[in-house]
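Take a look at the structure set out below.
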Amino acid sequence: MSSTAPALRTRFRSDRIVNFTESVIREMTRLAFQHGAINLAQGFPDFPAPEALKRAAAEAIAADVNQYSITWGAKPFRDAIAAKYRRTYGLDFDPEREITVCCGATEGMIASCLAVFNPGDEVVLFEPFYENYNPDTQLCGASPRYVTLHAPEWNFDRDELRRAFTPRTKAIILNSPNNPTGKVFTREELEFIAGLCQEFDALAITDEIYEHILYDGAVHVPILSLPGMRERSILVNSMSKTYSVTGWRVGWVLAPPDLSDSIRKVHDFLTVGAASPLQQAGTMALAMGDDYYTALASQYAAKRDHILETLEGAGLRCFIPRGAYYVMTDISGLGFADDLAFSRYLIEKLRVAAVPGSSFYAHPDRGRQQVRFCFCKKYETLEEARHQILRLKTT
Ligand code: GLN
75 MSSTAPALRT RFRSDRIVNF TESVIREMTR LAFQHGAINL AQGFPDFPAP
125 EALKRAAAEA IAADVNQYSI TWGAKPFRDA IAAKYRRTYG LDFDPEREIT
175 VCCGATEGMI ASCLAVFNPG DEVVLFEPFY ENYNPDTQLC GASPRYVTLH
225 APEWNFDRDE LRRAFTPRTK AIILNSPNNP TGKVFTREEL EFIAGLCQEF
275 DALAITDEIY EHILYDGAVH VPILSLPGMR ERSILVNSMS KTYSVTGWRV
325 GWVLAPPDLS DSIRKVHDFL TVGAASPLQQ AGTMALAMGD DYYTALASQY
375 AAKRDHILET LEGAGLRCFI PRGAYYVMTD ISGLGFADDL AFSRYLIEKL
425 RVAAVPGSSF YAHPDRGRQQ VRFCFCKKYE TLEEARHQIL RLKTT
């Protein structure tokens, strides 16, 4: 779908950037603007953030919390993060030595990768993957090793996973609840992964940004809570999805003190710190009671059912997500050449943007008949999308 890129003068081209392309998710958002389309591509809410949270941010600015915080995060915010993990999972993190506040999970992930990967290291990734992990790995000079998640349940083959681990494996990057598939890794699967990490002396770097968006009784287990994993895990998370503030760019990384030390160094020179007034608002957000999280999950469950009905009604086969706020679909019943042709038609003719499935695969052919839709939207938007998407049946 991409627009024509300017010719790149090789003298000025870093070797680090040649192996990956622009994010297709972000590109789809720009195309959605261009075509006046409903954006079911990039996963961000189009409804307001919680009122109390907005007020807390505005009050922080008015009270002149407008200068740098400590580079690894304002102390009250780190304390609030520690308290939240104690409350939710019974896990203790030392705010002084194990918590680093970053500009979103995106920075948290790349700062972690830069802190621990060397050129030549190998990194295990499940495919399909959230597209950032590939560039994150390659910018460090490390090489990804892919392990397939198989639809419809997105199971993996244990032997294939074991074969992906080698003496050069530095880490596995794990995203559960998973984007784009909606898979929630079970405790048993995580135990198997944890066993391999220990056997091969590798780290688990986890993106747990959808931890509270769970359906049908699915339970989120941080892999670092499993025996032997605390000292070999780096947990990345953020306020973005849980509190519907994706534009705030406030995230955090939990890691043992030695790893946190390295991550803090990278983070400091990358960004200095996340926005101070928003960290203050975050202190309030992370203190919210269980009701908030229960309501979040049940609101998204109803929206999931809404979009599933739309997509199935239009003849797409849906892989039902157990967590996160995306649906992967199989478009093979609709007669389009591939995911790109379908996405182009959808955006240009029906004014709905989605993400072509191939962008979640290192082997693009595996995603040629898949398309991802997000449903973190107002009912009004989902209704409008329904009206448009159902036209697939009549056009
Ligand atoms: N996680 C969102 C998605 O997959 C996008 C995040 C981003 O663009 N930084 O759509």
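The sequence shown runs 75 to 469 under this note's numbering.
Using N, Cα and C, we set each Cβ at its ideal position, and we do this for glycine too.
Apart from the five residues just before and just after residue i, which ones in its own chain have a Cβ nearer than 6 Å to its Cβ?
i           : result
residue 249 : 204, 281
residue 229 : none
residue 330 : 305
residue 139 : 350, 351, 354
residue 261 : 295
residue 169 : 152, 153, 156
residue 187 : 210, 214
residue 132 : none
residue 225 : 393
Which residues in the same chain have their Cβ closer than 8 Å to the Cβ of residue i, if we skip the five residues on either side of it in sequence?
i           : result
residue 464 : 384, 387, 388
residue 90  : 212, 213, 215
residue 179 : 281, 283, 310, 311, 312, 314, 325
residue 443 : 404, 405, 406, 412, 413, 431
residue 449 : 114, 374, 377, 378, 380, 381, 399, 400, 401, 456
residue 110 : 425
residue 266 : 232, 235
residue 144 : 347
residue 141 : 350
residue 292 : 251, 258, 396, 397
Which two residues bound the contiguous alpha helix (DSSP H) that contains residue i?
i           : result
residue 465 : Segment: none, residue 465 is in no alpha helix (DSSP H) and carries neither H nor E.
residue 477 : Residue 477 is absent from the structure shown; the chain starts at 75 and stops at 469.
residue 332 : 331-345
residue 163 : 149-163
residue 209 : 207-213
residue 233 : 232-238
residue 413 : 413-423
So the beta strand (DSSP E) residue i belongs to, where does it begin and stop?
i           : result
residue 373 : It is not in any beta strand (DSSP E) - residue 373 instead sits in the alpha helix (DSSP H) that spans 364-387.
residue 446 : 444-448
residue 278 : 277-281
residue 358 : First-last for residue 358: 350-359, but that is the alpha helix (DSSP H), not the beta strand (DSSP E).
residue 96  : Segment: none, residue 96 is in no beta strand (DSSP E) and carries neither H nor E.
residue 311 : 307-312
residue 325 : 325-328
residue 245 : 243-249
residue 217 : 217-222
residue 199 : 196-201
residue 393 : 391-393
Do residue i and residue j have their C-beta atoms within less than 8 Å of each other?
i           : j           : result
residue 348 : residue 175 : yes
residue 297 : residue 307 : yes
residue 318 : residue 123 : yes
residue 429 : residue 446 : yes
residue 137 : residue 198 : no
residue 288 : residue 397 : yes
residue 112 : residue 359 : no
residue 316 : residue 151 : no
residue 435 : residue 202 : yes
residue 264 : residue 271 : no
residue 166 : residue 451 : no
residue 367 : residue 461 : no
residue 92  : residue 433 : no
residue 274 : residue 243 : yes
residue 177 : residue 323 : yes
Would you mind working out which of the options sits nearest residue i, comparing C-alpha positions?
i           : options            : result
residue 402 : 240, 241, 253, 171 : 253
residue 259 : 154, 223, 328, 364 : 223
residue 183 : 109, 147, 448, 340 : 340
residue 338 : 189, 266, 218, 461 : 189
residue 363 : 240, 321, 159      : 159
residue 219 : 226, 322, 234      : 234
residue 172 : 131, 328, 467      : 328
residue 105 : 453, 422, 462, 438 : 422
residue 371 : 110, 415, 290      : 290
residue 126 : 361, 454, 395, 149 : 361
residue 200 : 79, 245, 323, 292  : 245
residue 268 : 251, 301, 79       : 301
residue 438 : 87, 94, 79, 130    : 94
residue 255 : 86, 395, 107       : 395
residue 279 : 207, 293, 257, 365 : 207
Could you pull out every residue in the same chain whose Cβ sits closer than 7 Å to the Cβ of residue i, ignoring the five residues on either side in sequence?
i           : result
residue 163 : 296, 299
residue 240 : 196
residue 417 : 75, 428, 430, 445
residue 134 : 351, 354, 355
residue 81  : none
At a cut of 8 Å, does the stretch 191-200 reach the stretch 334-351 through at least three beta carbon pairs? no
Meets three-Cβ-pair contact criterion under 8 Å: the stretch 389-396 and the stretch 407-426: yes
Would you call the stretch 229-245 and the stretch 105-124 in contact, with 3 or more CB pairs under 8 Å? no
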